[in-house]
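If you read the sequence shown in this note's numbering, its first letter stands for residue 405, the second for the next number, and so on.
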Amino acid sequence: MSHEAQIDPMLMEPPTSANTGANKRKENLTDEVTNGRKKKTKTSGSITDCDKAKYELVRRKLVCLLYPFGSPRTAINIGLKVESGRENELDNDSAEIVRHNWFYEGILTHALGLAEELNNPRMEAKELQDICTWITRGMSDQRSTDLGSVKHAGLGYLFSNGKILEPSIAKLEDKSMHGFNHPEIARMLCPRKKLDVFDEDPDMITGAHQEGTIRTMAGNWPTCFYEEGVYDPENRAEGLFRGHAAFRFYTHLFIGPSAASTNTVTLSSSKISKNRAWGLTEVTLSIIAYVHVLLYFTLSTAPRWCMAIGQMDLAEMAWAIIEMFDNKDDWTKATLAWWNSRAFLKGHGSCKDTDSDDDTVKIRAQQKKAVQCTPNQLLQSDGIKVRAKAVKEEDEGSDIADEGSDDGESVQSDEVEEPEGEEENCDLVDVIDDEDPIIPDDDEILDDYILIQEGYGAL
Numbered sequence: 405m406s407h408e409a410q411i412d413p414m415l416m417e418p419p420t421s422a423n424t425g426a427n428k429r430k431e432n433l434t435d436e437v438t439n440g441r442k443k444k445t446k447t448s449g450s451i452t453d454c455d456k457a458k459y460e461l462v463r464r465k466l467v468c469l470l471y472p473f474g475s476p477r478t479a480i481n482i483g484l485k486v487e488s489g490r491e492n493e494l495d496n497d498s499a500e501i502v503r504h505n506w507f508y509e510g511i512l513t514h515a516l517g518l519a520e521e522l523n524n525p526r527m528e529a530k531e532l533q534d535i536c537t538w539i540t541r542g543m544s545d546q547r548s549t550d551l552g553s554v555k556h557a558g559l560g561y562l563f564s565n566g567k568i569l570e571p572s573i574a575k576l577e578d579k580s581m582h583g584f585n586h587p588e589i590a591r592m593l594c595p596r597k598k599l600d601v602f603d604e605d606p607d608m609i610t611g612a613h614q615e616g617t618i619r620t621m622a623g624n625w626p627t628c629f630y631e632e633g634v635y636d637p638e639n640r641a642e643g644l645f646r647g648h649a650a651f652r653f654y655t656h657l658f659i660g661p662s663a664a665s666t667n668t669v670t671l672s673s674s675k676i677s678k679n680r681a682w683g684l685t686e687v688t689l690s691i692i693a694y695v696h697v698l699l700y701f702t703l704s705t706a707p708r709w710c711m712a713i714g715q716m717d718l719a720e721m722a723w724a725i726i727e728m729f730d731n732k733d734d735w736t737k738a739t740l741a742w743w744n745s746r747a748f749l750k751g752h753g754s755c756k757d758t759d760s761d762d763d764t765v766k767i768r769a770q771q772k773k774a775v776q777c778t779p780n781q782l783l784q785s786d787g788i789k790v791r792a793k794a795v796k797e798e799d800e801g802s803d804i805a806d807e808g809s810d811d812g813e814s815v816q817s818d819e820v821e822e823p824e825g826e827e828e829n830c831d832l833v834d835v836i837d838d839e840d841p842i843i844p845d846d847d848e849i850l851d852d853y854i855l856i857q858e859g860y861g862a863l
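The following block contains the structure:
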């Protein structure tokens with residue numbers, strides 16, 4: 405993002421008569437918010453429980469999805485003045501105006517309906533002040549929650565090979581052994597361009613950092629922000645923001661601690677992740693900035709949230725990261741693709757299983773269907789085969805002679821006399837229909853029957 409204020413020239417023109425009332429009201433509103441004046445009216449103007457519920461999610465999203473150091477009160481004040489063409493009244497430099505106005509527009513994006521409320525003549529300055537205070541307090545709560553979550557767990561995400569810190573840091577210890585007071589953490593915080601010198605003489609570089617002779621400032625990217633083993637002094641963007649630790653921090657904060665602890669992107673607990681709760685489908689530049697700030701803060705000695713740690717201005721660091729992605733060049737596209745290809749596995753949506761497609765459910769349904777279909781019913785489906793086979797074997801086992809010739813000679817008929825067993829055939833059908841059928845003695849038929857009884861199919 406350019407450091408020059410990108411103000412629409414139309415905003416510099418005097419307001420038209422149609423907008424005079426709205427702009428005049430915004431003048432009064434911004435003045436009262438800035439000065440903290442309370443306007444006496446019949447209504448209290450304080451934030452309601454309904455408003456608190458509406459802004460509960462907004463204030464948390466602003467930290468993680470926009471800018472963790474944003475000031476709602478300042479941003480709304482500057483944003484309203486820019487909208488009404490009064491940016492010339494601001495004492496901020498152009499870069500600050502751009503930053504605060506960007507945050508203001510982000511607030512309006514996440515706080516649905518706030519833009520209409522700001523244009524509502526009945527909205528009081530006191531109500532807007534309360535909204536700003538409520539959002540600011542929620543942003544602080546979200547930062548504290550996230551920092552507490554990774555304070556100790558994050559120390560286990562630092563090495564890609566699963567190595568732990570040496571010397572180790574106990575969970576209940578304070579952060580006095582963090583930062584440049586710890587040899588391995590000091591190496592991670594060392595600016596990447598100084599890493600070779602650090603490896604040659606760690607004590608010298610650590611002492612220089614502690615004394616401030618080597619500056620750790622926003623823009624002097626620390627080693628832990630780079631992909632391990634990747635650095636080109638002539639192309640310092642190569643490998644930047646592709647560090648193992650930063651991605652594990654993202655996994656912990658946006659997918660879940662259980663996923664981060666196993667170095668996966670699959671949530672294995674019942675707790676709803678930020679990605680799922682907020683419907684996030686991509687890793688954005690603001691998310692990348694946030695996890696890097698939290699990574700740096702976790703490694704530092706700072707006991708609580710602050711704007712700067714020594715010479716490192718964390719607010720400037722976050723904004724510098726956001727600005728790095730402002731140019732839609734090949735590096736920006738490749739870096740965002742690197743994050744998203746790991747956070748959201750390709751085709752994960754099309755491979756989603758549903759309860760109705762559960763293997764066990766399908767198998768049990770088939771078994772239940774087989775049980776409901778009794779052995780008699782299964783036999784009936786192939787009953788004609790059983791009947792025909794039994795009759796054929798009975799006929800082959802008996803020689804039927806025709807003894808009714810006139811000359812008394814025994815002549816064997818070519819035709820099989822229809823046995824008096826028409827009833828036998830009926831009896832056989834009846835047997836098949838009985839609940840407890842009489843099974844033919846033939847071993848092959850018996851084997852087939854057993855298979856049917858056990859549900860393995862027809863004969």
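Just so it is clear, CB atoms sit at the ideal spot from N, CA and C, and this is done for glycine as well.
Counting C-beta neighbours from all protein chains within 10 Å, is the total for residue i 16 or more, i.e. buried, or is it exposed?
i      : result
Val695 : buried
Val669 : buried
Thr537 : exposed
Lys773 : exposed
Lys530 : buried
Gly683 : exposed
Val502 : buried
Given the structure, does residue i come close to the ligand ATP, in the sense that its CB is under 8 Å from one of the ligand's heavy atoms?
i      : result
Ile511 : As for the ligand ATP, it is missing from this structure, which has no ligand bound.
Roughly how many angstroms lie between the CA atoms of residue i and residue j, to the nearest whole one?
i      : j      : result
Met543 : Glu528 : 23 Å
His504 : Gly474 : 7 Å
Val554 : Tyr561 : 10 Å
Thr688 : Lys678 : 14 Å
Leu749 : Gln533 : 43 Å
Ile692 : Asp605 : 32 Å
Ala641 : Trp735 : 8 Å
Pro595 : Gly566 : 23 Å
Val462 : Thr764 : 42 Å
Leu718 : Lys766 : 55 Å
Arg547 : Lys598 : 31 Å
Arg477 : His613 : 36 Å
Arg541 : Met621 : 28 Å
Val467 : Ser690 : 9 Å
Asn524 : Leu559 : 49 Å
Asp453 : Glu487 : 29 Å
Gly623 : His556 : 26 Å
Can you tell me which of the three DSSP states residue i falls into?
i      : result
Tyr630 : strand
Ile788 : Confidence at Ile788 is low in this model, with a pLDDT of 46, below 50, so its placement is unreliable and the value that follows should be read with caution. Three-state DSSP puts Ile788 in a helix.
Asp717 : strand
Ser809 : With a pLDDT of 41 at Ser809, under the threshold of 50, the modelled position of this residue cannot be trusted, and the question is left open.
Ala712 : strand
Leu644 : strand
Thr685 : coil
Arg526 : coil
Tyr635 : coil
Asp763 : helix
Ser690 : helix
Quick one: give me the first and last residue of the alpha helix (DSSP H) that residue i is part of.
i      : result
Trp625 : Unbroken run through Trp625: none, as it is neither H nor E.
Ala529 : Ala529 to Val554
Cys468 : Asp453 to Leu469
Ile589 : Pro587 to Leu593
Thr666 : Neither: Thr666 is in no alpha helix (DSSP H) and is coded neither H nor E.
Glu521 : Leu518 to Leu522
Lys602 : Going by the sequence as given, residue 602 is Phe instead of Lys. Where Phe602 is concerned, the enclosing alpha helix (DSSP H) stretches over Leu599 to Glu604.
Lys485 : Pro476 to Glu487
Arg503 : Ser498 to His514
Ala738 : Asp734 to Ala747
So, using beta-carbon positions, are residue i and residue j closer together than 9 Å?
i      : j      : result
Ile539 : Ile511 : yes
Phe658 : Ile725 : no
Ile568 : Leu522 : no
Ile713 : Phe701 : yes
Phe584 : Ala649 : no
Ala698 : Phe653 : Inspection of the sequence shows that residue 698 is occupied by Leu rather than by Ala. Cβ atoms of Leu698 and Phe653: closer than 9 Å.
Tyr508 : Ala722 : no
His582 : Leu671 : no
Thr627 : Leu593 : yes
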